[in-house]
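Engineer: Quick one: this structure, given as structure tokens, is what I'll be asking you about.
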Amino acid sequence: MGVNLEYAGREYPPTAPYVVGREHLRDFARAVGADHPAHHDVEAARALGHPDVVAPPTFAVVIAQRAEAQLIEDPAAGIDFSRVVHAEERFTHHRPLHAGDEVVTVLHVDSITERAGLAMVTTRCELAAADGARLATVVSTLAVRGADA
Amino acid sequence: MSARPAIGDLEVGQQIGARTVTVTRAHLVHYAGASGDRNPIHWNERFAREVGLPGVIAHGMFTMGQAVNVVTDWTGDPGAIVDYGVRFSRPVPVPDPGEALVEVTGVVGAIDAEAGTVRVDLTVTFEGAKVLAKAQAVVRL
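Keeping their order, the protein sequence lines are chains F and C. One point on numbering: in our numbering, the residue at position 123 of the first sequence is 123, and numbering is uninterrupted. One point on numbering: in our numbering, the residue at position 10 of the second sequence is 10, and numbering is uninterrupted.
What follows is the structure, encoded as structure tokens:
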């Protein structure tokens, strides 16, 4: 079964809030070699005007991929994860994410195209704070090989 | 922590930083746990070969996350990075035992003095070939 093209244009309901934990943020920063003090030291982050330790620029993927699972783990969407390659990723930060943020995410399936046995699936996650303020937009494109590609 | 660069002092083409990223299987296991991306192609040699890869490969998101550190260090504030996008053009195989070395260089790609933003273009290579394409970060100075 191939990728279900009818999923293009879908918008999912907002997720349950994801709380950005300080220790998780620090551990993610260590995992990507982000040793800037603003990721680790609350006082250093506050000195730069942030309320708490700041997330590295790609941390939002942790939140986005949970939202994307609504599509990827839906058998009717037809995305065989063993045939998936990550093609593109982009983060737009409307304001820096920091520890303590409660993030609600809305997943959009922006496009699904298929050509020569390769499906390109582009999703967009809109991350917002509990008060509705926009935090980040995460756009991700997956390439899914067909069964005989 | 370095002071924020002044936008008026910058020129397109100017190098803002460079570093070599050492990648071992231990780094990938750490990233898998911290990110929640536990796909076995990033830690299980047998599984990776079964799905047609040359062996265990680094998470594209690991490489993307590492590469932007040259930008963070240059700006002096991670919150200054307002946009960051890449295309994943080639995988980075990570041997065991051993390590993969990924080279990262950043240059000023464009300056928008009115908006107060600078685009940094990153060149990210493994064994001389680009592993990220169109890797660009926009920073607000």
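Glycine residues also receive a C-beta, built at the ideal position from the N, C-alpha and C atoms. For clarity, every value in this text was computed on a predicted model and none was experimentally measured.
In angstroms with no decimal places, state the Cα-to-Cα distance between P57(F) and H50(F).
Structural biologist: Residue numbering aside, residue 57(F) sits at position 57 when the first sequence is read from its first letter. Residue numbering aside, residue 50(F) sits at position 50 when the first sequence is read from its first letter. If you take the alpha carbons of P57(F) and H50(F), they lie about 14 Å apart.
Engineer: Would you please verify whether the beta carbon of L48(F) is less than 8 Å from any beta carbon of chain C?
Structural biologist: Here residue 48(F) refers to the residue found at position 48 when the first sequence is read from its first residue. Closer than 8 Å: yes.
Engineer: Per DSSP, which one or two residues make a beta bridge with A111(C)?
Structural biologist: Residue numbering aside, residue 111(C) sits at position 111 when the second sequence is read from its first letter. Residue identity check: residue 111(C) is Ile in the sequence provided, not Ala. In the DSSP output, where bridge partners are listed per residue, I111(C) has V118(C).
Engineer: Taking 8 Å as the CB-CB cut-off, is I81(C) touching chain F?
Structural biologist: For the purposes of this step, residue 81(C) is identified with residue 81 of the second sequence, where counting begins at 1. Chain F contact via Cβ: present.
Engineer: Using a Cβ-Cβ cut-off of less than 7 Å, give me the residues of the stretch 99-120 of chain F that come near chain C, in sequence order.
Structural biologist: So nothing in the stretch comes that close.
Engineer: Run through chain C and tell me which residues come within less than 7 Å of D27(F), C-beta to C-beta.
Structural biologist: As a working mapping, residue 27(F) is identified with position 27 in the first sequence. A34, listed in chain order.
Engineer: Give the DSSP-derived three-state secondary structure of I79(F) in the structure shown.
Structural biologist: The count along the first sequence starts at 1 and reaches residue 79(F) at position 79. Coil at I79(F), not helix or strand.
Engineer: To which residues of the same chain is F81(F) closer than 8 Å at the C-beta, ignoring the five residues directly before and after it?
Structural biologist: Position 81 of the first sequence holds residue 81(F). Within the same chain, F81(F) has close Cβ partners I72.
Engineer: Kindly indicate which residue of G98(C), G8(C), G109(C) has the alpha-carbon position closest to the one of T22(C).
Structural biologist: In the second sequence, counting from the first residue as 1, residue 22(C) sits at position 22. Comparing Cα-Cα distances from T22(C) to each of G98(C), G8(C), G109(C), the minimum goes to G98(C).
Engineer: Quick one: is H30(C) near chain F, going by C-beta distance under 8 Å?
Structural biologist: Sequence index remark: in the second sequence, residue 30(C) carries index 30 (1-based). Cβ-Cβ to chain F under 8 Å: yes for H30(C).
Engineer: Can you give me the Cβ contacts of A152(F) inside the same chain, cut-off strictly under 6 Å, excluding the 5 residues immediately before and after it?
Structural biologist: Outside the modelled stretch of chain F, which goes from 1 to 149, sits residue 152(F), for which no answer is possible.
Engineer: In the DSSP assignment, the alpha helix (DSSP H) including D27(F) goes from what residue to what residue?
Structural biologist: Here residue 27(F) refers to the residue found at position 27 when the first sequence is read from its first residue. 22-31 is the span of the alpha helix (DSSP H), which, as asked, contains D27(F).
Engineer: Spatial neighbours of T117(C) within its chain, please: C-beta separation below 6 Å, excluding the five flanking residues on both sides.
Structural biologist: As a working mapping, residue 117(C) is identified with position 117 in the second sequence. Within the same chain, T117(C) has close Cβ partners V138, R140.
Engineer: Let me see if you follow: with CB-CB separation under 8 Å, is T20(C) close to chain F or not?
Structural biologist: Here residue 20(C) refers to the residue found at position 20 of the second sequence. So no, T20(C) is outside the interface.
Engineer: Just the Cα atoms here: how many angstroms apart are D27(F) and P78(C)?
Structural biologist: To locate residue 27(F), count along the first sequence from 1; it is residue 27. To locate residue 78(C), count along the second sequence from 1; it is residue 78. Cα to Cα, the separation comes out at about 16 Å.
Engineer: With a 10 Å radius around its C-beta and 16 neighbouring C-beta atoms as the bar for buried, classify P75(F) as buried or exposed.
Structural biologist: Locating residue 75(F) in the first sequence gives position 75, counting from the first residue. Exposed.
Engineer: Tell me which same chain residues have a C-beta within less than 6 Å of the C-beta of L132(C), skipping the five on either side of it?
Structural biologist: As a working mapping, residue 132(C) is identified with position 132 in the second sequence. Same-chain partners within the cutoff: V86, V124.
Engineer: If you pair each beta-carbon of the stretch 2-18 of chain C with each one of the stretch 28-48 of chain C, do three or more pairs fall below 8 Å?
Structural biologist: Taking 8 Å as the limit for Cβ pairs, the verdict is that the stretch 28-48 of chain C does not touch the stretch 2-18 of chain C.
Engineer: Where do the ends of the beta strand (DSSP E) carrying H161(F) lie?
Structural biologist: Past the boundaries of the shown model lies residue 161(F); chain F is included only from 1 to 149, so the question cannot be answered.
Engineer: What three-state label does DSSP hand R38(C) in the structure shown?
Structural biologist: For the purposes of this step, residue 38(C) is taken as residue 38 along the second sequence, with counting starting at 1. Reduced to three states, the DSSP call for R38(C) is coil.
Engineer: Would L5(F) be called buried (16 or more neighbouring beta carbons within 10 Å of its own) or exposed?
Structural biologist: As a first step, residue 5(F) is located in the first sequence; it is residue number 5 there, counting from the start. The residue in question, L5(F), is exposed, as its Cβ has fewer than 16 Cβ neighbours within 10 Å.
Engineer: Using a Cβ cut-off of 7 Å, pull out every chain F residue sitting near Q66(C), in sequence order please.
Structural biologist: For this step, residue 66(C) is matched to residue 66 along the second sequence. Those within 7 Å of Q66(C) in chain F are V32, G33.
Engineer: Mind the definition here: the stretch 58-66 of chain F touches the stretch 103-121 of chain F only if three or more C-beta pairs lie below 8 Å; say whether that holds.
Structural biologist: These segments touch.
Engineer: Does the beta carbon of G106(C) come closer than 8 Å to any beta carbon on chain F?
Structural biologist: What you label residue 106(C) is simply residue 106 of the second sequence in a count that begins at 1. Not an interface residue.
Engineer: Out of D83(C), G128(C), V68(C), which one is the CA nearest neighbour of H36(F)?
Structural biologist: Start at 1 with the first residue of the first sequence, and residue 36(F) comes out as number 36. Considering only alpha carbons, the answer is V68(C).
Engineer: Could you name the residues of chain C that H39(F) contacts, counting a contact when the two beta carbons are closer than 8 Å?
Structural biologist: For the purposes of this step, residue 39(F) is taken as residue 39 along the first sequence, with counting starting at 1. Going along chain C in sequence order, the residues near H39(F) (Cβ under 8 Å) are P78.
Engineer: Would E89(F) and V3(F) be called neighbours here (beta carbons separated by less than 8 Å)?
Structural biologist: Counted from its first residue, the first sequence places residue 89(F) at position 89. Counted from its first residue, the first sequence places residue 3(F) at position 3. Result no, Cβ atoms of E89(F) and V3(F) do not sit closer than 8 Å.
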